[in-house]
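Everything on this sheet refers to the single structure shown next.
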Amino acid sequence: MDESTCPSHQTWLEGAEAVGPACAALGRPSPQVSCSREGGPWPQRIHVSRQDAGTYLCLATNAHGTDTRTITVGVEYRPVVAELAASPPGGVRPGGNFTLTCRAEAWPPAQISWRAPPGALNIGLSSNNSTLSVAGALGSHGGEYECAATNAHGRHSRRITVRVTGPWLWVAVGGAVGGAALLAAGAGLAFYVQSTACKKGEYNVQEAESSGEAVCLNGAGGGTGGNDSAQGGTEPDGTAETPAGGEVFSIQLTSA
166 MDESTCPSHQ TWLEGAEAVG PACAALGRPS PQVSCSREGG PWPQRIHVSR QDAGTYLCLA
226 TNAHGTDTRT ITVGVEYRPV VAELAASPPG GVRPGGNFTL TCRAEAWPPA QISWRAPPGA
286 LNIGLSSNNS TLSVAGALGS HGGEYECAAT NAHGRHSRRI TVRVTGPWLW VAVGGAVGGA
346 ALLAAGAGLA FYVQSTACKK GEYNVQEAES SGEAVCLNGA GGGTGGNDSA QGGTEPDGTA
406 ETPAGGEVFS IQLTSA
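The numbering of the sequence shown is my numbering, which starts it at 166 and goes up by one.
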């Protein structure tokens, strides 16, 4: 037996039927060829699974002698997206970050591709496409994402829904005279809220998904918010900055 009659590396496909390694031998009279794995007899026919990959010993025998050959069998199989997960798992606030991880089982290795919601921009992918990431999520990033794995034997996909939701925040204004107060939100966001018209009390601040702004609304503690606007800042959570022309005594953010 040699490479032409009994290749040393052979490939099977998962789910197919096999009668053993493809081996033959030359001789007169014609040799009988049998193959075994780890000393066990080879069944007449098998339904190929991944567990059938490994090393086999083939033996050719006739009245004049024997010949042996060792072969390696690999099993290829179509892709299956075994895992598709989001982090954080419960959705993301506007302006927050999230990642989607797609893990596929396939041989040969699968090519990973993604389908994102229409209008979802500024999406990052890892070098092998297995991880999709978004920094500074907007409302347009919410929706259904599909991960597809493809190789020579087929294609498989799974879908996951990402929810971008912005809860209300409560702002306790201890005192503000003119200018703008820098408010830091919990998800790494910060807003300048005009505080000239905000009297002492509690206000809720709603984030505008598309612009990253916040609006100071009439709150439970009294006072009115008038035409308030916001600009992104980078201060740590729970901090306040004294603006030009005014002073801020205390500002606190808590989740609704």
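Virtual Cβ for every residue (Gly too), placed ideally from N, Cα, C.
query, result
"By alpha-carbon positions, which one of G256, A187, V245, H212 ends up nearest to T237?", "A187"
"Which residues in the same chain have their Cβ closer than 8 Å to the Cβ of T264, if we skip the five residues on either side of it in sequence?", "A251, S252, T296, L297, S298, V299"
"Return the first residue and the last residue of the beta strand (DSSP E) that E203 is part of.", "Looking at the DSSP string, E203 is not in any beta strand (DSSP E), and its letter there is neither H nor E."
"What three-state label does DSSP hand E179 in the structure shown?", "coil"
"Run through the DSSP bridge pairs and tell me what H130 is partnered with.", "Only positions 166 to 421 of the chain appear in the structure, and residue 130 is not among them; the question remains open."
"When you compare the CB positions of A302 and G331, do they come within less than 7 Å of one another, or not?", "no"
"Distance, Cα to Cα, C171 vs I211?", "19 Å"
"Please work out which residues of its chain come closer than 7 Å, Cβ to Cβ, to P194, disregarding the five sequence neighbours upstream and downstream, and give them in chain order.", "N227, A228"
"Of the choices S291, P244, Y221, whose alpha-carbon is the least far from that of A271?", "P244"
"Measure the Cβ-Cβ separation of V329 and P273 and say whether it is below 7 Å.", "no"
"With distances taken from CA atoms, which of E248, S322, N287 is nearest S305?", "N287"
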